[in-house]
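Asks: Chains A, B and C supply the protein sequences, listed in that same order.
Residues in the first sequence are numbered from 1 upward in steps of one, following our numbering.
Residues in the second sequence are numbered from 1001 upward in steps of one, following our numbering.
Residues in the third sequence are numbered from 2001 upward in steps of one, following our numbering.
Okay, handing you the structure first.
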Amino acid sequence: MTTTPRLPEKTERRWLRAVAAVFWFLLPFLLVGAVWELTIRAGWVSSASLPAPSTILRKAWDLSVREGVLWEHLGRSFYRLSIGYALAMGSGLLFGSLLAMNRALREMFSPILSLLISVPTIAWVPVFLITMGLGDSTVIAAVFLGGFFAITYNTIRGIEMVEPSTIRAARTMGARGARLFVSVLLPASSVSVLTGLRLGIGYSWRALVGGEMLSAMVRWGIGKMIYQARFWNDVVAMFVGLLVIGLTGFLLDRLLIRQLERATIERWGMVSER
Amino acid sequence: MTQNIIEIHGVSKQYGKGNRSVVALKDVDLRFHRGEFAVLIGPSGCGKSTMLYLIAGFESPTHGRILLDGNEIREPGPNRGFVFQDYVLFPWKTVLGNVMFGLRRTGVPHREAKQTALQFIEMVHLRGFEHAFPHTLSGGMKQRVGIARALAYDPEVLLMDEPFGALDAQTRKLMQQETAEIWKETGKTVVFVTHSVIEATYLADRVIVMTARPGRVKGIIDVDLPRPRQYTEDHYLHIRQDILGLLEEEIRQSALGTTSTLTP
Amino acid sequence: MRGRRWILPILLVAGFLGLWELAAHLGWLNPSLMSSPSRIADALWKTHVRRLPERSILLTHIGVSLQRVFLAGMIGTGSGVLIGILMGTSRVVYRLFDPIVTLLMPIPGIAQAPLFIVWLGFGDPTIITVGAIASFFPIAFNTAAGVRSVDGQLVRAARLMGVSPAGCLPRVYLPSAAGHIMAGVKLGWARCWRTVIAVEFVAAASWGLGYMIWDASEYIRSGVVFGGILLLMLVYFAMERVVLEGVERLTVRRWGMIQS
């Protein structure tokens, strides 16, 4: 009649699973990389236009270990990302909560939000360039905008979708007002909120790269690195940059958001919307 | 201290307006006595759950008043405990966290709340599961947490809305027995909604039979059998028949519109 | 059931047009013998515009952007659906492509632009290519998911009624996955739109809504900049309402596969 709560998986098995997952993930890259390398070596495609993986990797090594330049670029990018995203997270959660709780505000702002969302974030950059100058602030503003909408929208949706019975249960136990909101509504909307955070960081990262490319006074940054590489016709550097962008975007999702999910909704058995 | 802890005066509840309106309850007058175990029973749609929601304060009556201890009920509050059919536990809190929730909301300091919560967890036989998350528990266990949670902050009345409807037959029987024990131990006033006559006869001091929609009180049957009760004893079966008698006509009425969910 | 018959042809035509266009740009086709779809459309457009009393610069900008979005979207849709189907039906293909798609998807179009500028120069080829890539990913992804989620029972039922394994594809898989594909197409076109505008910022030589906005910002003509953004909103809404929802209504909603 009684069931025991699930035991945590044995540590060895978890390690094995992690290693297997990494292997399966890397395999396609290794395969594609090998084919690619061979094609270049065989001379079927000119290596001037399409560099071989080995060349790209060597350049990556140069940029990161030998010159350390890559880290400078990344560091600067992360600095802007953190500020912009933190702002987006804070204001997105706040604004989203306010809108979810207050019908008047919601009806006032919803149409404006829908309209603003339809504009690609990058299109705002010229506006920022004119009003905020050509440096860091523009990029941070772009990062902020990228994340803000996704987080706001998903927060509103999450709170709206909380079951009425959950709210009733909380109220009958004496929770009301701010208490009700913080200790019940927010945790109950975790699934949507986390989706918003995940989408937000993706958009923010992309906005970062774009913003860096367009801001003339910005010297350092992964987006700028790619942009500048064009003036030297340094295709290899571009490839390195693109791979770094892709990899970072991927890691931000898997390491950051996924871990957050693990600690919250997966632990609580609130299955994701995947 | 009044004898009648809950008084229901001329209560009606209507949903919607005009042609599309549904009258769930019409002119209901009831008194619940302090410390009794009252059961509301009736065909589907008779408004028994609505009645419970009104007492809980989740909704307001369209006409009439409901008094708890002489004060009119307007909102939900910690002087009533509610047990839902689908448990409605907070998935982000452990069993302990869930049971402590009401206590903390009513201002009880952490350490004391924890102690009290542990006692109630013990009472519902869930010792050892304090730090488990609800999604790892079975249905019966979840409902025990639900009961513990509702009792922990010492409400005046315990409201139970078909609490065992989602459980299998075996677990259900067990929960009925345990509920009877808990009631004996705590002496709370309980208003219990069900559509199982067996369940009603086993648990109740009084069974209030309601009519098909719009819901009214059809009849009240006193169950003065000694406790603990036996499901198969003569007198018990007798009372079951009485209740069924009242209900049959209502079931037929309600079956004309909806399918009956009554289990004799 | 008439709707079902023409979703596949539409996709095939899109894919075909897309490949044709690509071939023309890569120089595989003899220009005197075979024109490309875009050149045809361009010629049509030029004549149309020349016929108007005033040649509206604004409309030209918008038109050029839309043209690019349309082309890029068609290529992306065609190839996305094809690859998506491959990914969905074959576990091997899926395992091969999924990690790559996952890694490449977060790379913004604008970051790919410098590379393509080196390869293809400024202007249409780069813009359309990057736009196509941007729309490709969500469409491939969603199509694969849709095909994979097809209820095995439906396939079995069809096989029992005498449909060959290959015949299942247009008759069972595609219609069932239509909801997912539609979602992917919506995402894909939205992405295509955003990317084209963004790439126009850096890669357009003279025409395009993105070019217009960027150029204006370099001369600090904020009126044009803001006006441009407003236009972006309007055009996007028109695009969404008219084109996408129209297609949806005619196909997937009629089949009751999405709530309207």
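Ideal Cβ placement from N, Cα and C applies to all residues, glycine included.
Computed from a predicted structure; not experimentally measured.
Sorted by chain position, which residues of the same chain lie with C-beta nearer than 8 Å to E1075 (chain B)'s C-beta, five sequence neighbours on each side aside?
Replies: G1057
Asks: With 7 Å as the limit, tell me which residues of the segment 191 to 225 of chain A have their beta carbon closer than that to any beta carbon of chain C; keep them in chain order.
Replies: G202, W205, R206, V209, G210, M213, L214, G223
Asks: Based on DSSP bridge pairs, tell me the residues matched to T1194 (chain B).
Replies: DSSP, once it has assigned bridges, lists B:I1041 as partnering T1194 (chain B).
Asks: Identify the residues that DSSP records as bridge partners of R1065 (chain B): which are they?
Replies: B:H1009
Asks: Hey, could you find the ends of the alpha helix (DSSP H) M1141 (chain B) is sitting in?
Replies: Counting along the chain, M1141 (chain B) sits inside the alpha helix (DSSP H) bounded by residues 1139 to 1152.
Asks: Could you check the C-alpha separation between H1009 (chain B) and L1030 (chain B) for me, to the nearest Å?
Replies: Looking at the backbone, the Cα of H1009 (chain B) and that of L1030 (chain B) are separated by about 7 Å.
Asks: Between G2083 (chain C) and A2140 (chain C), how many whole angstroms is the CB-CB distance? I'm expecting something under 8 Å.
Replies: According to the sequence as given, residue 2083 (chain C) is Ile; it is not Gly. I2083 (chain C) to A2140 (chain C), Cβ: 5 Å. Contact.
Asks: Can you give me the start and stop residues for the alpha helix (DSSP H) that I276 (chain A) sits inside?
Replies: No statement about residue 276 (chain A) is possible, as the shown extent of chain A runs from 1 to 274 and does not include it.
Asks: Around the Cβ of D1161 (chain B), are there at least 16 other Cβ atoms within 10 angstroms (buried) or fewer (exposed)?
Replies: That one is buried.
Asks: For K1188 (chain B), which of helix, strand or coil comes out of DSSP?
Replies: DSSP places K1188 (chain B) in coil when its eight states are reduced to three.
Asks: What three-state label does DSSP hand I233 (chain A) in the structure shown?
Replies: The question names Ile, but residue 233 (chain A) is Asn in the sequence shown. Coil at N233 (chain A), not helix or strand.
Asks: Could you have a look at R302 (chain A) and say whether DSSP puts it in helix, strand or coil?
Replies: Any answer about residue 302 (chain A) is impossible in this case: the structure gives chain A only from 1 up to 274.
Asks: What does the alpha-carbon distance come out to for the pair R1020 (chain B) and A2198 (chain C)?
Replies: Going by the C-alpha atoms only, they are around 53 Å apart.
Asks: If you run the structure through DSSP and keep just helix, strand and coil, what is E12 (chain A)?
Replies: helix
Asks: With a threshold of 8 Å between beta-carbons, can A142 (chain A) be considered close to chain C, or not?
Replies: no
Asks: Does the Cβ-Cβ distance between L94 (chain A) and F109 (chain A) come in under 8 Å?
Replies: no
Asks: Quick one: which chain A residues come within Cβ less than 9 Å of V2242 (chain C)?
Replies: Under the 9 Å cutoff, chain A gives no residues; its nearest Cβ is about 14 Å from V2242 (chain C).
Asks: Is there a C-beta anywhere in chain B that falls below 8 Å from the one on G92 (chain A)?
Replies: Judged by the 8 Å Cβ criterion, G92 (chain A) is not in contact with chain B.
Asks: Looking at C-alpha atoms only, which residue of A:V22, A:T11, A:R13, A:E12 is the closest neighbour of L251 (chain A)?
Replies: Taking only the C-alpha atoms, the option nearest L251 (chain A) is A:V22.
Asks: Starting from the C-beta of F239 (chain A), find all residues in its chain whose C-beta is less than 7 Å away, skip the five residues before and the five after it, and write them out in chain order.
Replies: P51, I56
Asks: Find out if the Cβ-Cβ distance for the pair T1189 (chain B), V1157 (chain B) is shorter than 8 Å.
Replies: yes
Asks: How about G174 (chain A): is its C-beta nearer than 8 Å to some C-beta of chain B?
Replies: yes
Asks: Beta carbon of G1045 (chain B), beta carbon of A1212 (chain B): below 8 Å?
Replies: yes
Asks: Could I get the ranges of all uninterrupted alpha helix (DSSP H) runs contained in the segment 2094 to 2182 of chain C, with 4 residues as the minimum, in chain order?
Replies: Counting only runs of 4 or more, we get 2109 to 2120, 2124 to 2148, 2152 to 2160, 2165 to 2168.
Asks: Please report the distance separating the alpha-carbon of I2229 (chain C) from that of T155 (chain A).
Replies: 26 Å
Asks: Below 7 Å between beta carbons is the criterion; list the residues of the segment 56 to 74 of chain A that meet it against any residue of chain C, in chain order.
Replies: Those would be none; no residue qualifies.
Asks: Can you name the residues that DSSP bridges to T1033 (chain B)?
Replies: In the sequence under discussion, the amino acid at residue 1033 (chain B) is His, which differs from the Thr named in the question. DSSP output for H1033 (chain B) lists B:N1004 as bridge partner(s).
Asks: Report all residues from its chain with a CB closer than 6 Å to the CB of N2142 (chain C); omit the five preceding and five following residues, and keep chain order.
Replies: H2180, A2183, G2184
Asks: In terms of alpha-carbon separation, which member of B:L1244, B:L1225, B:V1209, B:Y1231 lies closest to G1042 (chain B)?
Replies: B:V1209
Asks: What ranges does the alpha helix (DSSP H) occupy inside the segment 1210 to 1257 of chain B, keeping only unbroken runs of at least 4 residues that lie completely in it?
Replies: 1234 to 1257
Asks: Judging by CA-CA distance, which residue of C:G2146, C:L2096, C:L2058, C:S2079 is the nearest neighbour of W2020 (chain C)?
Replies: C:S2079
Asks: Give me the Cα-Cα distance between R2095 (chain C) and V2155 (chain C), rounded to the nearest whole angstrom.
Replies: Distance from the CA atom of R2095 (chain C) to the CA atom of V2155 (chain C), rounded to whole angstroms, is 22 Å.
Asks: Quick check on A2023 (chain C): buried or exposed, where buried means 16 or more other Cβ atoms within 10 Å of its Cβ?
Replies: exposed
Asks: Along chain C, which residues have their Cβ under 7 Å away from the Cβ of R230 (chain A)?
Replies: P2114, I2117, V2118
Asks: Short check: CB of G1215 (chain B) to CB of A1152 (chain B), under 8 Å?
Replies: no
Asks: Please list, in chain order, the chain A residues whose beta carbon lies closer than 9 Å to that of L1153 (chain B).
Replies: The sequence given here places Tyr at residue 1153 (chain B); Leu does not occur at that position. Within 9 Å Cβ-Cβ: M173, G174.
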